Each structure stands twice: as C-alpha cells, then as structure tokens.
Amino acid sequence: MKNLKTGLVVAFAATVFCTSQVNAQISMPAPSPLGTVTQRVGLTDITVKYSRPSTKGRKIFGEVVGYGKGWRTGANNATLITFADEVTIEGTKVPAGEYALYTIPTEHEWTVVLNKNTKLGGNVADYKEAEDVARFKVKPTKANDKTETFTINFADLTPATANLEMLWDKTSVKFKITTEVESKVMAQIQEKVINGKEATPATYASAAVYYFENNKDTKLAQEWIKKANEKDPKFWNLHTQAKIEAKNKEYKAAIKTAEKSKELAKAANNDDYVRMNDEKIAEWKKLK
C-alpha cells in the first residue's frame, strides 16, 4: 500500500482533537466520543469500536482527512472491528478475531485495510504491512444528507450478508461482509432433527422453515412441519404447513390446514394471520 506507514502518521495527527489539560477530578465530554456498534450477520456477531469526530463546519475529505493518506477511520485510537467467526470481506477470507480498520481515502476510490496489530492506538509508526489480513478498494458515493458526526453502521442486511457503511459529511463508503450460514444450519438440522431422537416441535418447525425458504427437500419439510403440529399446533406453524403443502401441489390439504390456522389465529386475536390465511385460501382454491 503506497506510503501507508508515513501517510498514516501524518493523516492521523490531523484528526486528533486536542483538549486543554484539566484537573483529574473534572469529567469533561470527549470531543470525539467512543462509539460501539454490534450487529449479528447471519449467525456471526460483528462489533466495531471507534471514536466519532464531528465536522464542526470544516471540509473533511481532502482537508481534515487528506487524500491519499492513511486514516485511522475515526479519531483517537485506531478503529477496531471484531468478527466472532470467519467471514469473507469483498472476496477475501478473514479469520475470526479483532483487527484494526484503516482506510486511505481519495476522491474516487478508498483503500480499506484490516491489520492484525490492534495495539498501535494513535501511534502507527510501527505499522507493518506484513500484518495486513485484508486489503481492497471500494468506491465512495455522495450521500444525499450530511452526516455531522462520523458514523459506522451496518446496512443492506440479508440472511448471510451486510454492508459495513461509513458516513461522514456528505461521503458514504460501503464494503460487503459475507458470513457462513448454510453449513452451520445444516449441521444443527443433522444433529437435532435428522439424527436427534428427541426433537421438539420447535426444532421440527425450524428445520421445516429453513428447507422451505431455501428451496430444499419440500417433502421432507412437509414431514417435519407435520410432526411439529401433531403435538403442539400453533397457528403460525399451521400456516407454514399449508404453504409447504401448496408448494408440493397438495392444494386441498393446504386449504384445510390454512382453515385450521385461521381458526386458531382468530382465537388468538391475530388479525394478520387471519388475513394471510384468507389470501392463501382464495389463491389455492383457484388452483385445486
């Protein structure tokens, strides 16, 4: 990464918000307060800890944060990101663990770096490129609204992915994080449902929903959801059973199951499931 070591030292100094020394007994608000954001993506917890400077009427990118120079991606100490499990970031596998998150902004492209050394703090003179675990480039975009205080959050969540988004002033930068879900869920289904001798209605229902929603063996999903409803019928599980039966083109059975779901939903005063069952019954009557 071009001039990262020296660039980080210069640029990081530009974002230090200095305060006068005060009596140790006096608590003062931090100019760039520490923030923490945690998000579960798929089955993996991701946490970011960073200090949050504000624009305070200044031009940020190109001035406060110089173009082409390394930035700690916040103020004070380096921003830290922790992954509870292995993830894939913009095509690069990153092991579970905690990393320093550095960036090198330019007007049209940002370089993002994850580095193993989390002890450098604001002093990055000892930065070593050999300790990078990931380095990639992303495009910044102009945000519609101004963000006064530097913000990192998670956006565009799917069952297995999310974009980590950095917002400051009128600039937005995102990069994609992908987590492993399929193998983890299938291992649980194998252990608790397929091999399990004491599967509960809840585990049968969960396995059926996963198979149904991910276009797996719908006959097996139907078998499991029926087992879930044999001993402990719930209107939401009956609704799922009806949809699986319909997917297997068993429309008469689906209508009958949906009517049972509707009856239980009415008793529970759940108008949403009454409505959803009515809609499906009307749809399936045209197909049977």
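Read in order, the letters of the sequence shown correspond to residues -24 to -1, 1 to 264 in mature numbering (1 follows the signal peptide of the UniProt record, and there is no 0).
From the three backbone atoms N, C-alpha and C, an ideal C-beta is built for every residue, glycine too.
Fair warning: this is a prediction, and the values are worked out from it, not measured in the lab.
With a Cβ-Cβ cutoff of 9 Å, do residue i and residue j count as a contact?
{"i": "residue 56", "j": "residue 43", "result": "no"}
{"i": "residue 246", "j": "residue 218", "result": "no"}
{"i": "residue 160", "j": "residue 263", "result": "no"}
{"i": "residue 200", "j": "residue 157", "result": "no"}
{"i": "residue 188", "j": "residue 154", "result": "no"}
{"i": "residue 26", "j": "residue 46", "result": "no"}
{"i": "residue 249", "j": "residue 238", "result": "yes"}
Mind reading off the beta-carbon distance from residue i to residue j? Whole number of angstroms is fine, and I expect it under 8 Å.
{"i": "residue 150", "j": "residue 114", "result": "7 Å"}
{"i": "residue 221", "j": "residue 198", "result": "6 Å"}
{"i": "residue 146", "j": "residue 119", "result": "5 Å"}
{"i": "residue 98", "j": "residue 48", "result": "7 Å"}
{"i": "residue 127", "j": "residue 143", "result": "5 Å"}
{"i": "residue 88", "j": "residue 112", "result": "6 Å"}
{"i": "residue 204", "j": "residue 184", "result": "7 Å"}
{"i": "residue 194", "j": "residue 228", "result": "No, residue 194 and residue 228 are not in contact; Cβ-Cβ is about 17 Å, not under 8 Å."}
Mapping the DSSP letters down to three states, classify residue i as helix, strand or coil.
{"i": "residue 203", "result": "helix"}
{"i": "residue 246", "result": "coil"}
{"i": "residue 132", "result": "coil"}
{"i": "residue 87", "result": "strand"}
{"i": "residue 6", "result": "coil"}
{"i": "residue 48", "result": "coil"}
{"i": "residue 79", "result": "strand"}
{"i": "residue 65", "result": "strand"}
{"i": "residue 231", "result": "helix"}
{"i": "residue 22", "result": "strand"}
{"i": "residue 105", "result": "helix"}
{"i": "residue 258", "result": "helix"}
{"i": "residue 240", "result": "helix"}
{"i": "residue 251", "result": "helix"}
{"i": "residue 98", "result": "coil"}
{"i": "residue 315", "result": "Only positions -24 to 264 of the chain appear in this structure, which leaves residue 315 out of reach."}
- Evaluate contact between the segment 83 to 103 and the segment 60 to 75, counting only Cβ atoms and requiring at least three cross-stretch pairs below 8 Å. In this structure the segment 83 to 103 lies against the segment 60 to 75, because at least three pairs of beta carbons, one per stretch, are closer than 8 Å.
- Message: My parser needs the alpha helix (DSSP H) runs of 4 or more residues fully inside the segment 155 to 228; what are they?
- Response: Along the segment 155 to 228, the alpha helix (DSSP H) occurs as fully enclosed runs of 4 or more residues at 158 to 165, 177 to 189, 194 to 207 and 211 to 223, listed in sequence order.
- Query: On the three-pair Cβ rule with 8 Å, is the segment 59 to 71 touching the segment 27 to 35?
  - Reply: No: fewer than three Cβ pairs fall under 8 Å.
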